[in-house]
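Q:
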Amino acid sequence: MAILMDKPGIVSSLFVVIVVVGLARTSEGTSYTVGGSAGWDLSADFGSWLQNKTFYVGDALSFQYSKYHTVNEVEKADYDACNATNALLTGSDGNTTVPLTAPGDRYFICGVITHCLGGMQLPVHVTANPSAGAPVGAPQLSPSQSSFSPQAPSPVVDESPSANSVDNLPPYRAIFGGSHRIGRGSMFLAWLCTFGVISIMHVVRP
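Going by this note's numbering, the sequence shown opens with residue 129, and the numbers climb by one from there.
(1) Going straight from the alpha carbon of residue 159 to that of residue 188, what length do you get?
(2) Can you give me the C-alpha to C-alpha distance between residue 193 and residue 258, rounded to a whole angstrom?
(3) So, is residue 253 buried or exposed, given that buried needs 16 or more other C-beta atoms within 10 angstroms?
(4) In this structure, what does DSSP give as the bridge partners for residue 188?
(5) Taking the C-alpha atoms as reference points, what is the distance between residue 246 and residue 181?
(6) Can you tell me where the beta strand (DSSP E) holding residue 218 begins and where it ends?
(7) Have a look at residue 241 and residue 156 and give me their C-alpha separation to the nearest angstrom.
(8) Determine the burial state of residue 228: buried for a count of at least 16 other Cβ atoms within 10 Å of its Cβ, exposed for fewer.
(9) Exposed or buried, which one is residue 191 when buried takes at least 16 other CB atoms within 10 Å?
Structural data, given as structure tokens:
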């Protein structure tokens, strides 16, 4: 330990090695032997074998089979029809490993049609690796930013002519004032003026 402490370069190198090994162990996927102990064979129950299994990107499928079988990756339509004519991948050496490099659905059958019809079919759903960083979503507003308080409606201004406007008053109100009520003195004055005019007319009349 004392020797290591005297040489910081060695300590740094060991630290880097430990980190790299740790990352390699975390990033390596799982290799699944298809069909378990029975392998890729008519005797295997692939439906039961698939139960409770989740396949991730980075995992691999290992097909172990005899010389009487083949392994073929096909499209969904050919999978349903047990047709290996347009196979995307074909293995016949008895030991075929298929890496799962992308999320999605993949389909495998035995190239011998009677074996395929007999149950040698394997649908595999591949899920994105959970350790991959999730995409950063668009920023979301906090409740205080996204909420708003309704504003009180502005008071409605009545633009119609005022009831006290002189222009809208009857003639006698326009003369004697704009109030809704005419004072008793004003009424008496109006009566007196009218009486005076009538008296003058009688006097002036020949």
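C-beta: ideal position from N, C-alpha, C; glycine also.
A: For this structure:
(1) By 1-based counting over the sequence shown, the position of residue 159 is 31. By 1-based counting over the sequence shown, the position of residue 188 is 60. For residue 159 and residue 188, the distance between alpha carbons rounds to 5 angstroms.
(2) Translated into positions along the sequence shown, residue 193 becomes position 65. Translated into positions along the sequence shown, residue 258 becomes position 130. Answer to the nearest angstrom: the Cα atoms are 31 angstroms apart.
(3) Within the sequence shown, residue 253 is the residue found at index 125, counting from 1. The residue in question, residue 253, is exposed, as its Cβ has fewer than 16 Cβ neighbours within 10 Å.
(4) Indexing the sequence shown from 1 puts residue 188 at position 60. In DSSP, residue 188 forms a bridge with 159 and 227.
(5) Translated into positions along the sequence shown, residue 246 becomes position 118. Translated into positions along the sequence shown, residue 181 becomes position 53. Going from the Cα of residue 246 to the Cα of residue 181 covers about 23 angstroms.
(6) One-based indexing of the sequence shown puts residue 218 at position 90. It spans 217 to 219 - the beta strand (DSSP E) in which residue 218 sits, taken as one unbroken run.
(7) Residue mapping note: residue 241 aligns to position 113 of the sequence shown, counting from 1. Residue mapping note: residue 156 aligns to position 28 of the sequence shown, counting from 1. For residue 241 and residue 156, the distance between alpha carbons rounds to 35 angstroms.
(8) As a first step, residue 228 must be located in the sequence shown, where it is residue number 100. So residue 228 counts as buried.
(9) Translated into the one-based positions of the sequence shown, residue 191 becomes position 63. Classification of residue 191: buried, given that the 10 Å Cβ count is 16 or more.
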